[in-house]
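Read through the structure below, which is laid out as structure tokens, and then see the notes.
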Amino acid sequence: MKQKKYEIVPEIATADMCFRAFGASLEEAFANAGFAMFDIISDASRIKPKITEEIKVESEDLQALLFDFLSELLYLQDTKRLLFSEFDVKIEKPKIETLVKEGIGTAGSNSEKEKYKLTAKARGQEMDGIGLRNQVKAITYHLMEIKEEKGLWTIQVILDL
């Protein structure tokens, strides 16, 4: 049975939109979160992979990485009028030695700590001629979750509409 990419969770948020994205890997779950956001914005099945944008973000933790990734996609939609439907995501985690040496949650400059790094290729097209379902104003941290259980990664995000 093919795994679904995402689901809408209406009982979590009423004025906003909550979704859960799934993946066999963390990268696939991030890619499916991008897909879910653009399927909420428009009909992702109508978005053709004509244009490729490269995305690079670095963050202290996975939630910040997810927030920054989705925010960057939203920024590209707002500034370049692009919609995306395909995502190739690579995530580089901090080395364990660095986490142990620096200590998690200890005082110190954030620039000294090794960060999570995400590189992605987002493919899509200009939004002209494609109807919009919703306008996403922002990504929120409210009730954001990233978890792995029995080989399945689940990401929960609430979008401010």
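Per our numbering, the sequence shown starts with residue 195, numbered consecutively. Beta carbons are placed, not taken as given, at the ideal position from N, Cα and C, and that holds for glycine. Small disclaimer: the values here were computed from a predicted structure and weren't measured.
Contact under 8 Å by Cβ, M231 with L267: Here M231 is near L267, since their CB atoms are less than 8 Å apart.
Pair within 8 Å by beta-carbon distance, E286 and K311: Yes; because the gap between Cβ atoms is below 8 Å, this pair is in contact.
Inter-residue spacing [alpha-carbon to alpha-carbon] between C212 and M338: For C212 and M338, the distance between alpha carbons rounds to 9 Å.
Host alpha helix (DSSP H) of S265 (start-end): Secondary structure note for S265: its alpha helix (DSSP H) is the uninterrupted segment 256-274.
Per DSSP, the bridge partner or partners of K284: According to the DSSP secondary-structure assignment, K284 is paired through a beta bridge with T313.
Nearest neighbour of A225, chosen from F281, K341, E343, L346 [CA to CA]: The shortest C-alpha to C-alpha distance from A225 to any of F281, K341, E343, L346 is the one to F281.
Test item: CB-CB of W347 and L256 under 8 Å: Not in contact: W347 and L256 (Cβ atoms no closer than 8 Å).
Proximity to K307 [Cα-Cα], best of S253, R327, V283, R214: Here the closest residue by C-alpha is S253.
Top-ranked residue by Cα proximity to K274, from G318, G345, P288: Ranking the options by Cα distance to K274, first place goes to G318.
Per-residue burial, S305 [other beta carbons within 10 Å of its own, 16 or more giving buried]: At S305 the pLDDT is 47, less than 50, meaning the model places this residue with poor confidence; the figure from the coordinates comes in the next sentence. The residue in question, S305, is exposed, as its Cβ has fewer than 16 Cβ neighbours within 10 Å.
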